[in-house]
Each structure stands twice: as C-alpha cells, then as structure tokens.
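The opening residue of the sequence shown carries number 5 in our numbering; numbering runs sequentially from there.
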Amino acid sequence: MSASSEVWPEARISRTAIIGERANIGTGATIGAGSNIGSGASIGHHASIGDGVSIGVGASVGYFATIGDHTCVEDSASVGYRASVGYSVGIGEGANIGYRVSIGYGARINAGANIGDGTSIGDHAGIGEGARILEGASIGNGARVGAGASIGARASIGADATIGDGATIGDGTSIGDGASIRSDDWFYVLAFRDVWATTVYDPKQGLRWWVDGQEGITTDVLMERVRQEYGGTQEEADYLHAIRMVTESPGLARAKRRHMATDAM
Numbered sequence: 005m006s007a008s009s010e011v012w013p014e015a016r017i018s019r020t021a022i023i024g025e026r027a028n029i030g031t032g033a034t035i036g037a038g039s040n041i042g043s044g045a046s047i048g049h050h051a052s053i054g055d056g057v058s059i060g061v062g063a064s065v066g067y068f069a070t071i072g073d074h075t076c077v078e079d080s081a082s083v084g085y086r087a088s089v090g091y092s093v094g095i096g097e098g099a100n101i102g103y104r105v106s107i108g109y110g111a112r113i114n115a116g117a118n119i120g121d122g123t124s125i126g127d128h129a130g131i132g133e134g135a136r137i138l139e140g141a142s143i144g145n146g147a148r149v150g151a152g153a154s155i156g157a158r159a160s161i162g163a164d165a166t167i168g169d170g171a172t173i174g175d176g177t178s179i180g181d182g183a184s185i186r187s188d189d190w191f192y193v194l195a196f197r198d199v200w201a202t203t204v205y206d207p208k209q210g211l212r213w214w215v216d217g218q219e220g221i222t223t224d225v226l227m228e229r230v231r232q233e234y235g236g237t238q239e240e241a242d243y244l245h246a247i248r249m250v251t252e253s254p255g256l257a258r259a260k261r262r263h264m265a266t267d268a269m
C-alpha cells in the first residue's frame, strides 16, 4: 500500500491487493485479493470490490456499490452509489455509471458511455463508445447498443437485439428480442419529443410499423410542425419522406394506445 493513500477506519483490504498513490478507500469498504486500485482512485464508504478487480487511475466507485470479481474499471470511469456490477465486466475509460445501476456478468461498457440512474444492463450486453442510456432503461442479455446511440428513459431493449451506431430509441419504447435497428433506417420519427411512429425490423416477422397518434400528434399536426421548423431545408424533405413512407406502408398498424399496436405483418 502506498504511503500517500488514505484508508478510512474499518476498511478491509486483502494483503495481496495493491493500493496506488493518493487512492482513497472509504470507511467499511472491502478490497478483495489480488485487486489493484489505481493512483488517485476513490472507493466509497462500504463499497465492495471483489477479487482480481482493476480500478484505473482516477476512477471512482460510489458508496455501497459492488464490483464483481475480475471486473475492470478503466481510468477516470465512475460507478455510482449502490450500483451493482457483475463479475468479468469491462467499464471503459471515462464511462459514467449512475446510481443503482445493475450490470450483468460479462457485459462491456465502452469508453465515454453514460449509463443513467436505475438502468439495468443484462449479462454479456455491450454498450458502445459514447452511447447514452437514460434513466430506468433496460438492456437485455446479449443486446448490443452501438457507438453514439441514445436509448431513452424507461426504454426496453430485448435480449440479443442490436441497436446500430448513432441510432436513437425514444423514451418508453420497447424493442423486442433479436430485433435489429440501424441508424440509417427511418425507424423513429420525432414529433418534437412526442412519439408519432416507430418501426422495428424483426428477423422473424420483417418490418413492422407502429403509429401513435395519441396526445394530439396526428399526421397532419406532425407535417405542419415539420414545415414550420424545417421549411425549405433538406431536413424538411427527409422528414416528409419518412412520414409518407410510414403512412403509405402496406404494413401500417394503428395503435389504440402507445406501444400497444397490433402486428401489421
């Protein structure tokens, strides 16, 4: 243990653990056998660090958080209060894991990703570099979220689903198991933060449309908003093309209420 590190009372540190310079180990924290706490890292009060864990330079683990065996938290990453991180997880440089987040075993959170409070990440799931997962979202086992993608609050991504680089999934949206979403698909049309339509490519059922005209966001209202906001620009043409594609699609299904559309295929 470095002489410049700070260890609070009642912390329990294995004799085989390595504590770097200026590291801070909180009251009642536990550091398992063979773990390596990097220089300037901070381990919160009553946090639990398993065996063979690597906590990078300047990284932080919040109060009462748990880090499973053989997990790697890279430099400058942060893990929030009461987060639960499984074993053999990788958390990339500068990634931010919020409060009460649950991350399953073997998952990978790449550099710069931001995982919102209360989110659940399944076993062996992968979150791309710079991706944003907002509060309360759920990412299923084996699912993949691409670099720069954004998953809305309380959205649900099914097991083994794939969300492409840069794609956006809206608040509360549910994507089924094994579905594939690409950023260059017109899978999501915004009505100024109100959902009007979504579509999901399901390998078993093909392309399925859902249309949500609730909260007054009808097709006519949406088209008028697009014209007012983007009139005369390429964005206007792109949005209007997407709206026509949805409304003229033979696979159209109209929902009685949000996210409860009947299958159109």
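Backbone N, C-alpha and C define an ideal beta-carbon position, used for all residues, glycine too.
**Item:** Among Asn145, Gly56, Ser82, Asp55, the one whose alpha carbon lies nearest that of Ile47
**Value:** Taking the first residue of the sequence shown as position 1, residue 47 is located at position 43. The candidate whose alpha carbon is nearest that of Ile47 is Ser82.
**Asked** How far does the alpha helix (DSSP H) with Glu233 in it reach, from first residue to last?
**Response** The residue labelled residue 233 in the question sits at position 229 within the sequence shown. It spans 223-234 - the alpha helix (DSSP H) in which Glu233 sits, taken as one unbroken run.
**Request:** Please go through the same chain and pick out, in chain order, the residues whose beta-carbon is closer than 6 Å to the beta-carbon of Val11, but skip the five residues on each side of it.
**Result:** Walking along the sequence shown from the start, residue 11 turns up at place 7. Within the same chain, Val11 has close Cβ partners Ile29.
**Message:** On the criterion of 16 or more Cβ atoms from any shown chain inside 10 Å, does Thr20 qualify as buried, or is it exposed?
**Reply:** Numbered from its first residue, the sequence shown carries residue 20 at position 16. Of the residues assessed, Thr20 falls on the exposed side of the cut-off, its CB having fewer than 16 other CB atoms within 10 angstroms.
**Message:** According to DSSP, simplified to helix, strand and coil, what is Arg248?
**Reply:** Numbered from its first residue, the sequence shown carries residue 248 at position 244. Residue state, collapsed to three classes: helix.
**Item:** Three-state class that DSSP yields for Glu10 in the structure shown
**Value:** Counted from its first residue, the sequence shown places residue 10 at position 6. It is a strand residue.
**Message:** Can you tell me whether Gly235 is buried or exposed? The criterion is at least 16 other CB atoms within 10 Å of its CB, across all chains shown.
**Reply:** Translated into the one-based positions of the sequence shown, residue 235 becomes position 231. Exposed.
**Rounded Cβ spacing between Ala153 and Gly132 (contact assumed at less than 8 Å)** = The count along the sequence shown starts at 1 and reaches residue 153 at position 149. The count along the sequence shown starts at 1 and reaches residue 132 at position 128. With a Cβ gap of about 6 Å, Ala153 and Gly132 count as contacting.
**Asked** Thinking C-beta only, is Gly156 closer than 8 Å to Gly176?
**Response** The residue you call residue 176 lines up with position 172 of the sequence shown. The residue you call residue 156 lines up with position 152 of the sequence shown. Result yes, Cβ atoms of Gly176 and Gly156 sit closer than 8 Å.
**Item:** For Ile41 and Ile23, the rounded distance between their alpha carbons
**Value:** As a first step, residue 23 is located in the sequence shown; it is residue number 19 there, counting from the start. As a first step, residue 41 is located in the sequence shown; it is residue number 37 there, counting from the start. Going by the C-alpha atoms only, they are around 5 Å apart.
**Request:** Could you tell me which of Gly44, Ser39, Ala51, Ala45 sits nearest to Ala15, measuring between CA atoms?
**Result:** Here residue 15 refers to the residue found at position 11 when the sequence shown is read from its first residue. Distance check between Ala15 and each of Gly44, Ser39, Ala51, Ala45 places Ala51 closest, using alpha-carbon atoms only.
**Asked** Is Ala147 buried or exposed, if buried means 16 or more other CB atoms sit within 10 Å of its CB?
**Response** Working through the sequence shown from its first residue, we reach residue 147 at position 143. By the neighbour-count rule (16 or more Cβ atoms within 10 Å), Ala147 is buried.
**In DSSP terms, what Thr166 is bridged to** = Position 162 of the sequence shown, counted from the first residue, corresponds to residue 166. In the DSSP output, where bridge partners are listed per residue, Thr166 has Arg148, Ser184.
**Asked** In whole angstroms, what is the alpha-carbon distance linking Pro13 and Gly174?
**Response** For the purposes of this step, residue 13 is taken as residue 9 along the sequence shown, with counting starting at 1. For the purposes of this step, residue 174 is taken as residue 170 along the sequence shown, with counting starting at 1. Gly174 has its alpha-carbon roughly 46 Å from the corresponding atom of Pro13.
**Message:** Please return the same chain residues whose Cβ sits closer than 6 Å to the Cβ of Ser58, not counting the five positions on each side in sequence.
**Reply:** Counted from its first residue, the sequence shown places residue 58 at position 54. If we look at Ser58 and ignore the five residues flanking it on each side, its Cβ neighbours are Asn40, Cys76.
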